[in-house]
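Protein chains in written order, with the numbering used here: chain A, 1 to 232; chain B, 233 to 571. What follows is one structure encoded as structure tokens, with my remarks underneath.
This is how it looks when you write it as structure tokens:
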């Protein structure tokens, strides 16, 4: 399905990141009960899209979604279970050197041929090895093995991939040293609550303008790659 | 007659609503917060209309405004002004109960004339017809000359007043069903792994688990063309928190999983067994729990001196074998005079 991804990137480039986000907002307001109720309850019947309007700029703290996941399913139906590793297969390749021969320890893309769990790591792994997991999981792995930590906003340092239980993998540090947003699939904007993320391609459960715990910072453009990054 | 049209989404609860619910015997699904949650989850505009004689409420109607363009998978646009369509009168959140109440001295023509004209005034000249669900034959005969009446699925009711105690009920059933039920009671009694939790006015129900189970049910019965209206967490929370709603959860003690769930809406004489949902058999569901649940509802109704227990549509064979009686229902469409 590589051509789908290429076509999608081309569409985002051509019609704009923000336009795609606005389309997701429009469609969510028309078909997803949670946003319908929320955006219309606060004295308005049109979705919040204009900066500065509506309560908290339309952002939803992630903890408010607890127990309301079924309402994030559009009327046409779909899954109510979020995937905590959504987008890993794309972001991991951008942020680490991986070939089909790489032995990945821990979390790996579904189709990767060589994967072992943390518990069954061989004592002397041969060839190119990469450990992927939360900082806690990586603590038990040998020091000389290259690693990609999966960090939340609170644990963010200078390397790794940014993950959230609800939103999945949001981005990661690339060779330029900046925290890149996975922009073809994730939209990010600044709100009074912090950075709000929208999944542009996930239809169900629909996640629009969700603020993960501790998501601070601002959106800037990477001088090297010319794509959005999370600064500070 | 004076007419008041309310949109439960935005209008506050009228001060007479609690009194009206008692007079009219409207069950918990007519509580204002439940109506509001239901209206927010509905694809179309839901309107509650109260007809007054002086200051006394004489009739109340819940209806959906089905105006074109209608979408299968999206809500009616917030600013859309449908230019033609029909008013669909149905029970809030359930198609198995009539969506109106009339005082004893008000004939059904109050709906087909006064109410219909009020809706036309409110919704515009494109409001062409009134569709009433769960109409009985006598009611259909009273309506005017122009009408279309079509029979719909029958609804089932337990004639609880005929049984003095649960044993009398069991004796009225066929021999095979009776021994089957006794076997089910024994099976549930001896099954230590099954926890049955009956709650009234609960606020700590694990709504997500229940809704997950309800969606299996939806997928089983839902059609391709017209989707089932999904129950939303806000609606379920509002409904089970009402003081006259009993919710029964069947839980697997070992894993903590929900096996089945049912609600019953209380009423002084005719409570209604509203929703029933259970896991598919492949995932630990047990078909006998449906019979067990209904049997417990009958026992509860007998103990509390109810006269009938309404069961709604479908599962005719099972309901008949448990002693329920059917009643014929019809849907009636009446054109609305455009002047």
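Backbone N, C-alpha and C define an ideal beta-carbon position, used for all residues, glycine too.
- [ ] Examine the Cβ distances between the stretch 176 to 196 of chain A and the stretch 81 to 101 of chain A and report whether three or more of them are shorter than 8 Å.
- [x] yes
Task: Cα-Cα separation, residue 186/A to residue 120/A - done: The residue you call residue 186/A lines up with position 186 of the first chain. The residue you call residue 120/A lines up with position 120 of the first chain. Computed Cα separation, rounded: 34 Å.
Open item on the list: Does any residue of chain B have a CB that is nearer than 7 Å to the CB of residue 68/A?
Closed with: To locate residue 68/A, count along the first chain from 1; it is residue 68. Residue 68/A counts as touching chain B.
TODO: Would you give the residue range spanned by the beta strand (DSSP E) that residue 564/B belongs to?
DONE: Stepping through the second chain from its first residue, residue 564/B is reached at position 332. Note, residue 564/B: beta strand (DSSP E), 557 to 567.
Task: Local Cβ density within 10 Å of residue 375/B, reported as buried at 16 or more and exposed below that - done: Numbered from its first residue, the second chain carries residue 375/B at position 143. With 16 or more other Cβ atoms within 10 Å, it is buried.
- [ ] Give me the Cβ distance between residue 261/B and residue 464/B, rounded to the nearest whole Å; I'm assuming they're in contact under 8 Å.
- [x] The residue given as residue 261/B occupies position 29 in the second chain. The residue given as residue 464/B occupies position 232 in the second chain. Actually they are not in contact, since the Cβ atoms of residue 261/B and residue 464/B sit about 14 Å apart, beyond 8 Å.
Task: Exposed unless 16 or more other CB atoms sit within 10 angstroms - verdict on residue 79/A - done: Within the first chain, the letter at position 79 stands for residue 79/A. By the 10 Å Cβ count, residue 79/A comes out exposed.
- [ ] Under 8 Å by Cβ, that's how I've got residue 545/B and residue 328/B pegged, so tell me the actual separation to the nearest angstrom.
- [x] Numbered from its first residue, the second chain carries residue 545/B at position 313. Numbered from its first residue, the second chain carries residue 328/B at position 96. 5 Å between Cβ atoms; contact.
Open item on the list: Report the start-end ranges of each beta strand (DSSP E) in the stretch 407 to 494 of chain B that is 3 residues or longer and not cut off at the edges.
Closed with: 426 to 432 and 477 to 484
Open item on the list: Can you tell me which residues form a DSSP beta bridge with residue 132/A?
Closed with: Residue numbering aside, residue 132/A sits at position 132 when the first chain is read from its first letter. In the DSSP output, where bridge partners are listed per residue, residue 132/A has 106/A and 148/A.
Task: Span separating the alpha-carbon of residue 195/A from that of residue 107/A - done: Position 195 of the first chain holds residue 195/A. Position 107 of the first chain holds residue 107/A. In a straight line, the C-alpha of residue 195/A is about 26 Å away from that of residue 107/A.
Task: Length of the line joining the Cα atoms of residue 547/B and residue 388/B - done: Along the second chain, read from residue 1 onward, the residue named residue 547/B stands at position 315. Along the second chain, read from residue 1 onward, the residue named residue 388/B stands at position 156. Cα to Cα, residue 547/B sits roughly 9 Å from residue 388/B.
Task: alpha helix (DSSP H) segment containing residue 528/B, residue limits - done: Within the second chain, the letter at position 296 stands for residue 528/B. 520 to 535 is the span of the alpha helix (DSSP H), which, as asked, contains residue 528/B.
- [ ] For chain B, find out if any of its Cβ atoms is closer than 7 Å to the Cβ of residue 37/A; answer yes or no.
- [x] Sequence index remark: in the first chain, residue 37/A carries index 37 (1-based). At least one chain B Cβ lies under 7 Å of residue 37/A.
Task: Below-7 Å beta-carbon distance, residue 75/A vs any chain B residue - done: Taking the first residue of the first chain as 1, we reach residue 75/A at position 75. By this cut-off, residue 75/A is an interface position.
Task: Nearest-angstrom Cα separation, counted from residue 197/A out to residue 50/A - done: On the first chain, position 50 is the one that residue 50/A refers to. On the first chain, position 197 is the one that residue 197/A refers to. Confidence in residue 50/A is poor, its pLDDT being 49 and thus under 50, which makes the residue's placement too unreliable to answer from.
- [ ] Determine contact between the stretch 487 to 494 of chain B and the stretch 532 to 541 of chain B, defined as no fewer than three beta-carbon pairs at a distance below 8 Å.
- [x] no
- [ ] Quick one: list the residues of chain B neighbouring residue 31/A, beta-carbon separation under 9 Å, in chain order.
- [x] Within the first chain, the letter at position 31 stands for residue 31/A. Within chain B, the residues near residue 31/A are 303, 305, 306 and 307.
Open item on the list: For chain B, check one thing: does any of its Cβ atoms lie closer than 7 Å to the Cβ of residue 264/A?
Closed with: An answer regarding residue 264/A cannot be provided, because it is not within the stretch 1 to 232 covered by chain A.
- [ ] In angstroms with no decimal places, state the Cα-to-Cα distance between residue 489/B and residue 509/B.
- [x] Here residue 489/B corresponds to residue number 257 of the second chain, with the count starting at 1. Here residue 509/B corresponds to residue number 277 of the second chain, with the count starting at 1. Answer to the nearest angstrom: the Cα atoms are 14 Å apart.
Open item on the list: Please report the straight-line C-alpha distance between residue 144/A and residue 125/A, rounded to a whole angstrom.
Closed with: Stepping through the first chain from its first residue, residue 144/A is reached at position 144. Stepping through the first chain from its first residue, residue 125/A is reached at position 125. Distance between the alpha carbons of residue 144/A and residue 125/A is about 11 Å.
TODO: Label residue 355/B either buried or exposed according to how many other C-beta atoms from any shown protein chain fall within 10 Å of its C-beta, with 16 as the threshold for buried.
DONE: Mapped onto the second chain, residue 355/B falls at position 123. With 16 or more other Cβ atoms within 10 Å, it is buried.
Task: Cβ contact (3+ pairs, closer than 8 Å) linking the stretch 292 to 308 of chain B and the stretch 29 to 39 of chain A - done: yes
Task: Continuous beta strand (DSSP E) assignments of at least 3 residues falling wholly in the stretch 150 to 193 of chain A - done: 161 to 164, 168 to 173, 179 to 181 and 186 to 191
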